[in-house]
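Residue numbering for the sequence shown follows numbering that gives the first Met the number 0, starting at 0 and increasing by one per position. All residues carry an ideal CB built from backbone N, CA and C; glycine is no exception. Note that this is a predicted model, so its numbers are computed, not measured.
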Amino acid sequence: MLLTYALCLQNALAGRTADSSIPSKKSIDLKDEAGFMTMWKIVCLSIREHYHIESIEPHVRDHILVLWYFQKEISLSHKLNGQTVMEMQGKSYYFFETPSNSRPSTQQKISGVDNQSMDVSVDSQQSQHHHSLTDPSVVLYVPFVYCSIWSPELFDKDIFLHTTDQLSEQNLPKFVAQLHYTTYSMLGKYAKVVNEMRKLHEDFVLPPVETRTVDGVWQVKTSLDEIYAHAAIGPKAVLEEALWIDPETPLLHVPSKRDIPSALKRNAIFISPVRHHGADLVAPHAAEQYKASVSFASRGHTISSLLVIATEDNIIKFGRGLIHAASIARLEDTAKSLGVDTTT
Numbered sequence: 000m001l002l003t004y005a006l007c008l009q010n011a012l013a014g015r016t017a018d019s020s021i022p023s024k025k026s027i028d029l030k031d032e033a034g035f036m037t038m039w040k041i042v043c044l045s046i047r048e049h050y051h052i053e054s055i056e057p058h059v060r061d062h063i064l065v066l067w068y069f070q071k072e073i074s075l076s077h078k079l080n081g082q083t084v085m086e087m088q089g090k091s092y093y094f095f096e097t098p099s100n101s102r103p104s105t106q107q108k109i110s111g112v113d114n115q116s117m118d119v120s121v122d123s124q125q126s127q128h129h130h131s132l133t134d135p136s137v138v139l140y141v142p143f144v145y146c147s148i149w150s151p152e153l154f155d156k157d158i159f160l161h162t163t164d165q166l167s168e169q170n171l172p173k174f175v176a177q178l179h180y181t182t183y184s185m186l187g188k189y190a191k192v193v194n195e196m197r198k199l200h201e202d203f204v205l206p207p208v209e210t211r212t213v214d215g216v217w218q219v220k221t222s223l224d225e226i227y228a229h230a231a232i233g234p235k236a237v238l239e240e241a242l243w244i245d246p247e248t249p250l251l252h253v254p255s256k257r258d259i260p261s262a263l264k265r266n267a268i269f270i271s272p273v274r275h276h277g278a279d280l281v282a283p284h285a286a287e288q289y290k291a292s293v294s295f296a297s298r299g300h301t302i303s304s305l306l307v308i309a310t311e312d313n314i315i316k317f318g319r320g321l322i323h324a325a326s327i328a329r330l331e332d333t334a335k336s337l338g339v340d341t342t343t
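Written out as structure tokens, the structure reads:
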């Protein structure tokens, strides 16, 4: 599989793409934003030309994407339709690892924080299904370029590609807003894939996803624990409380304070135009306010081992070992903090 990607990149760098207008590697400066985006276009075109990944059946494509996005533990014999995970690996759509090698434990202490009064949420180390040694549990990983080609409306976004500047003060709200929008949409895909597969295959092992329709709006049942990728430590009552999310929740631009009430009533995701007074970002599941030191923001370090500590009223998200945090509050408190009356 590594050879496949190496050859693809070699072809891209040599300028051997379907688009002769794309410049060769000699004229591309990857340190420059325009140069990076040009190279990204070259790689995408080369993969489309040489590996025909768009020929995959849509329902199989979506099945692979949701297993990757939500890091579901499955067996090698898990059926993606007519073929198993093991059988389809030869097509190089993904690679897989055992969960023990791919995930940090969420059962970690945070220095200076008293966790004794907290219940710990379901540990992400626990396997959803118990498999034998001959059919072990795995999680799938999909090259991001494939995600971008398969679902450009969700993944072919500049804020996802520019990884060195996602955590700056200016870009962090944009990055998180786009990430929440993508997560909501992927929840919808996941519900459709799982529930359809359960109808087609009696032995399909993933549990059904609860959905409902309220006032003509289709909703998927989830939780803060799932939205924050199970990277959570805190009271189960908060993290596992049922949330009903519209997968088509809009991502809005809210230019001024007077536009906040209508955005809240639309149940939308938006960046607050009055960030210094309260929440930086508002979404149907919660409102988030980000904190970072000037030096940390300017260096743009990547947060690893994301942890969440919760109380009954709010959740505080920390990058372990870094001066960075996000407080997550309930929406009714956020409206008050922004000086907005949502009752009228």
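Rounded to the nearest whole angstrom, the CA to CA distance from V65 to K188 is 7 Å. Annotation for T210: the continuous beta strand (DSSP E) segment containing it runs T210 to V213. Here the alpha carbons of P206 and R60 stand approximately 20 Å from one another.
In this structure, A190 lies near T210, with their beta-carbon atoms less than 9 Å apart. In the structure shown, the three-state DSSP call for S54 is helix.
DSSP links L280 through a beta bridge to I270 and E287.
Residues of the same chain with a CB within less than 6 Å of the CB of M85, apart from the 5 flanking positions on each side, are L75 in chain order. Just measuring C-alpha positions, the residue of A262, R274, M87 and F95 sitting nearest Q169 is R274.
The alpha-carbon separation between L166 and L280 amounts to approximately 14 Å. Between the beta-carbon of Y145 and that of Y92 there is about 7 Å, and that keeps the pair under the 8 Å contact cut. The alpha-carbon separation between F269 and D134 amounts to approximately 44 Å. Taking S150 as the centre and dropping the five residues before and after it, the same chain places the C-beta of L64 closer than 7 Å to its C-beta, in chain order. DSSP places K256 within a helical segment (H, G or I) once states are collapsed to three. DSSP places Q177 outside any beta strand (DSSP E); the residue lies instead in the alpha helix (DSSP H), whose first and last residues are L171 to L199. Taking F95 as the centre and dropping the five residues before and after it, the same chain places the C-beta of V137 and L139 closer than 6 Å to its C-beta, in chain order. When only Cα atoms are considered, T97 and K71 end up about 11 Å apart. Of the candidates K40, H49, H284 and Y289, the residue whose Cα lies closest to the Cα of K156 is K40. Counting C-beta atoms within 10 angstroms of its own C-beta, V192 has 16 or more neighbours from the protein chains shown and is therefore classed as buried. Cα atoms of V219 and D31: separation of roughly 41 Å, rounded to the nearest angstrom. Under the three-state reduction of DSSP output, L75 falls in the coil class, being neither helix nor strand. For the 9 Å CB-CB criterion, F174 and I158 form a contact. When DSSP reads this structure, Q218 sits in a beta bridge with R211. Between the C-alpha atoms of Y289 and E201 there is a straight-line separation of about 45 Å. Here DSSP, grouped into helix, strand and coil, assigns Y145 to helix. With a 10 Å radius around the Cβ and a threshold of 16 neighbouring Cβ atoms, V42 comes out buried. DSSP, read as helix, strand or coil, puts T37 in helix. For S136, the secondary structure class from DSSP, reduced to helix, strand or coil, is strand. By alpha-carbon distance to P283, the top candidate from I244, R257 and V213 is I244. Put simply, of I226, M196, G215 and K256 the residue whose alpha carbon is nearest the alpha carbon of N80 is M196.
Taking a 10 Å sphere around the C-beta of V237, we find 16 or more other C-beta atoms and assign the residue as buried. The C-beta distance from P246 to L186 rounds to 6 Å, short enough to fall under 8 Å. For L153, the closest C-alpha among the options N266, P172, H179 and G34 is that of H179. In this structure, P254 and P272 form a Cβ contact; the two beta carbons are roughly 6 Å apart against a cut-off of 8 Å.
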